[in-house]
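Chemist:
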Amino acid sequence: MGKIKERLIALETADDSSAKGIFDVFQKIMEQYNINWKEYLYAQSYDGATSMQGQYKGLKTLIQKENDKAIYVWCFAHRLNLVIIDTADCSTNTKNFFGDLQALVNFMRARKRTVEFVKSQKLLQPLKHVRSMKNFSDTRWTSHGRVIEVVYSKFDSLLDSLQKLSNSEDKITSTGANDFLKIITLFNFILSMIFMKNIFDITTPLSNYLQSKSLDFIEAINLINTSIEQLTNKRNDTEYDKLLSEAKQFSENNSLPSASFKENRRRNKKKMPGESSGDEVLSSPENKCKCETYFKVLDQIINSIRTRFNESNEIMNDLAIFNELISSINLPSQLHTEIKNTTKQGEGDQNSDCELNNSSSSNDSEESSKITDKLEKIKFHTMLHVLSTLNLSVAFPNLYLAFKAYGTIPVKLLKTRLRTTVSEGRLESLLMLSVIIKSCRKCVLI
Numbered sequence: 001m002g003k004i005k006e007r008l009i010a011l012e013t014a015d016d017s018s019a020k021g022i023f024d025v026f027q028k029i030m031e032q033y034n035i036n037w038k039e040y041l042y043a044q045s046y047d048g049a050t051s052m053q054g055q056y057k058g059l060k061t062l063i064q065k066e067n068d069k070a071i072y073v074w075c076f077a078h079r080l081n082l083v084i085i086d087t088a089d090c091s092t093n094t095k096n097f098f099g100d101l102q103a104l105v106n107f108m109r110a111r112k113r114t115v116e117f118v119k120s121q122k123l124l125q126p127l128k129h130v131r132s133m134k135n136f137s138d139t140r141w142t143s144h145g146r147v148i149e150v151v152y153s154k155f156d157s158l159l160d161s162l163q164k165l166s167n168s169e170d171k172i173t174s175t176g177a178n179d180f181l182k183i184i185t186l187f188n189f190i191l192s193m194i195f196m197k198n199i200f201d202i203t204t205p206l207s208n209y210l211q212s213k214s215l216d217f218i219e220a221i222n223l224i225n226t227s228i229e230q231l232t233n234k235r236n237d238t239e240y241d242k243l244l245s246e247a248k249q250f251s252e253n254n255s256l257p258s259a260s261f262k263e264n265r266r267r268n269k270k271k272m273p274g275e276s277s278g279d280e281v282l283s284s285p286e287n288k289c290k291c292e293t294y295f296k297v298l299d300q301i302i303n304s305i306r307t308r309f310n311e312s313n314e315i316m317n318d319l320a321i322f323n324e325l326i327s328s329i330n331l332p333s334q335l336h337t338e339i340k341n342t343t344k345q346g347e348g349d350q351n352s353d354c355e356l357n358n359s360s361s362s363n364d365s366e367e368s369s370k371i372t373d374k375l376e377k378i379k380f381h382t383m384l385h386v387l388s389t390l391n392l393s394v395a396f397p398n399l400y401l402a403f404k405a406y407g408t409i410p411v412k413l414l415k416t417r418l419r420t421t422v423s424e425g426r427l428e429s430l431l432m433l434s435v436i437i438k439s440c441r442k443c444v445l446i
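Going by UniProt numbering, the sequence shown opens with residue 1, and the numbers climb by one from there.
Below, the structure written as structure tokens:
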């Protein structure tokens with residue numbers, strides 16, 4: 001009672017992929033299960049397609065015409081994916097790096113080349129877990145982070161396997177291995193790999209958090225703001241110097257031919273008649289990389305996150321009152337014990353971070369002050385559970401409805417349809433069984 005549960009209702013194919021066609025399917029499902037969505041639907045979450053978020057004819061607009069309370073939330077995971085795409089394409093160095101990395105993955109995923117890579121790992125790193133090259137996904141950029149992690153952690157094994165493949169009798173394998181040996185031993189490649197690894201170390205956990213089951217809207221925004229702060233802290237000369245030092249040390253540890261940038265001849269442009277000053281030319285490759293890659297990529301990802309999640313911050317400002325309400329709430333002292341017991345029961349299903357004091361005290365006022373201090377750590381779903389369990393929803397109906405609406409605002413898409421050859425009816429039945437397997441275990445088949 002008072003616990004939020006996600007449930008899959010139905011799986012339907014929309015023959016008409018327009019907003020109107022999807023809206024008709026949605027209405028049919030709601031009527032079939034007798035769900036009063038016009039009164040009880042508080043939020044909706046889709047991707048950023050025009051048919052979904054269109055201001056005049058989008059699905060979210062059609063729903064809001066019937067229910068203006070159903071706020072629209074663009075799936076956070078989709079938006080973060082677009083942020084990484086923006087970042088990868090903003091700099092020539094990062095664009096070339098991901099292009100080379102994808103070509104390397106495609107080359108190494110051939111069966112015989114994969115076997116050679118595994119052999120090198122067992123030979124050079126016998127005590128470590130064997131890893132394989134991961135597939136690149138255009139829709140999930142966290143896969144790029146996994147590939148970078150494999151290349152970084154198994155770099156010596158990758159070098160060894162490419163050197164052996166360069167002596168292969170197969171001319172395509174030999175030529176490709178030689179080409180990739182030249183690419184991955186360049187200092188630019190090493191620097192870009194470590195730089196992007198540092199960025200994915202921040203964005204990948206964020207992406208995983210945004211897809212977790214118990215995440216709520218305000219917590220999601222707080223995580224995003226924390227990531228922005230972490231990225232902003234990296235945007236300075238000191239952090240760039242650390243990156244250079246790490247890349248040079250990595251190159252030396254792996255005995256690479258170059259542990260620094262290649263010096264290019266400085267080109268001076270001819271002054272035209274009437275010009276009083278010449279073009280500014282960056283004095284060193286280090287400064288050029290810092291300005292054109294390091295700062296540029298960080299500026300792009302920070303600005304992209306702020307821009308794409310700006311609309312969510314507006315909702316966040318409206319919901320921020322709940323955090324203040326929970327932290328400043330002053331419940332009667334006789335309810336403290338009941339709240340403490342209730343939150344204990346709710347922690348298992350809701351993954352609550354509430355840490356109420358369990359010790360008993362003879363002094364009621366001291367116990368009351370301890371619990372009041374701990375109330376700051378109570379999440380919204382704990383308060384919803386308390387309001388429902390103690391029948392306070394009757395005394396505070398508006399507060400109960402507000403917490404209920406807040407708790408059901410989606411942060412991400414709950415399910416995405418997998419393309420398959422299984423028939424529609426069978427696929428829906430199998431998926432329903434998979435989703436509600438815990439409930440099915442309690443059923444008795446006759």
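From the three backbone atoms N, C-alpha and C, an ideal C-beta is built for every residue, glycine too.
#1: Any contact of the stretch 144 to 161 with the stretch 126 to 135, i.e. 3+ C-beta pairs under 8 Å?
#2: Below 8 Å between beta carbons: does that hold for residue 254 and residue 189?
#3: CA-CA distance, residue 20 and residue 32?
#4: Pairing CB atoms from the stretch 296 to 306 with CB atoms from the stretch 80 to 88, are three or more of them under 8 Å?
#5: Out of 118, 95 and 77, which has the shortest C-alpha to C-alpha gap to residue 193?
#6: Just to confirm, are residue 71 and residue 43 a CB contact at a threshold of 8 Å?
#7: So for residue 71, helix, strand or coil by DSSP?
#8: Spatial neighbours of residue 66 within its chain, please: C-beta separation below 6 Å, excluding the five flanking residues on both sides.
#9: Can you find at least 3 beta carbon pairs, one from the stretch 160 to 173 and one from the stretch 107 to 121, that sit closer than 8 Å?
#10: Between which two residues does the beta strand (DSSP E) containing residue 45 stretch?
#11: For residue 173, which residues from the same chain have a beta carbon less than 6 Å from its beta carbon, with the 5 sequence-adjacent residues on both sides left out?
#12: Say whether the stretch 178 to 187 touches the stretch 46 to 65, bearing in mind that this needs 3 or more beta-carbon pairs closer than 8 Å, one atom from each stretch.
#13: To the nearest angstrom, report how far apart residue 296 and residue 119 are at their CA atoms.
#14: Under DSSP, the alpha helix (DSSP H) around residue 21 begins and ends at which residues?
#15: Just to confirm before moving on: does the CB-CB distance between residue 59 and residue 52 stay below 8 Å?
#16: I'd like to know whether the C-beta atoms of residue 207 and residue 77 end up nearer to each other than 8 Å.
#17: Please name the residue, chosen from 29, 23 and 15, that lies closest to residue 8 on a Cα-to-Cα basis.
#18: Report the rounded CA-to-CA distance for residue 74 versus residue 220, giving the unit in angstroms.
#19: Check whether the Cβ atoms of residue 286 and residue 261 sit closer than 8 Å, and answer yes or no.
#20: Taking the beta carbon of residue 234 as the centre, do at least 16 other beta carbons fall within 10 Å, making it buried, or is it exposed?
#21: Looking at the structure shown, is residue 289 part of a helix, part of a strand, or coil, going by DSSP?
#22: Just the Cα atoms here: how many angstroms apart are residue 97 and residue 114?
#23: Cβ of residue 25 less than 8 Å from any chain E Cβ?
#24: Using only the alpha-carbon positions, how far apart do residue 225 and residue 171 sit?
#25: By how many angstroms is the C-alpha of residue 308 removed from the C-alpha of residue 79?
#26: Can you tell me whether DSSP reads residue 418 as helix, strand or coil?
#27: Does the Cβ-Cβ distance between residue 200 and residue 158 come in under 8 Å?
#28: Terminal residues of the continuous alpha helix (DSSP H) containing residue 200?
#29: Tell me where the alpha helix (DSSP H) around residue 100 begins and ends.
#30: So for residue 140, helix, strand or coil by DSSP?
#31: In this structure, does DSSP put residue 166 in helix, strand or coil?
#32: Under a three-way DSSP split, which group does residue 131 fall into?
#33: Under DSSP, the alpha helix (DSSP H) around residue 16 begins and ends at which residues?
#34: Let me know if residue 240 comes out buried or exposed under the rule of 16 or more other beta-carbons within 10 Å of its beta-carbon.
#35: Hey, is residue 137 close to the ligand NAP, as in C-beta under 7 Å from one of its heavy atoms?
Modeler: Walking through what the data contain:
#1: yes
#2: no
#3: 18 Å
#4: yes
#5: 95
#6: yes
#7: strand
#8: 38
#9: yes
#10: 43 to 46
#11: 165
#12: no
#13: 39 Å
#14: 19 to 32
#15: yes
#16: yes
#17: 29
#18: 13 Å
#19: yes
#20: buried
#21: helix
#22: 21 Å
#23: Although the question refers to chain E, the structure presented lacks it and comprises just one protein chain.
#24: 51 Å
#25: 7 Å
#26: Low confidence applies to residue 418: its pLDDT is 44, below 50, so where it sits in the model is not reliable, and the reading given next is rough at best. Looking at residue 418 - three-state DSSP - the assignment turns out to be coil, as it is neither helix nor strand.
#27: no
#28: 187 to 210
#29: 92 to 108
#30: coil
#31: coil
#32: coil
#33: Segment: none, residue 16 is in no alpha helix (DSSP H) and carries neither H nor E.
#34: buried
#35: Only the bare structure without any ligand can be found here, which leaves the ligand NAP out of the picture.
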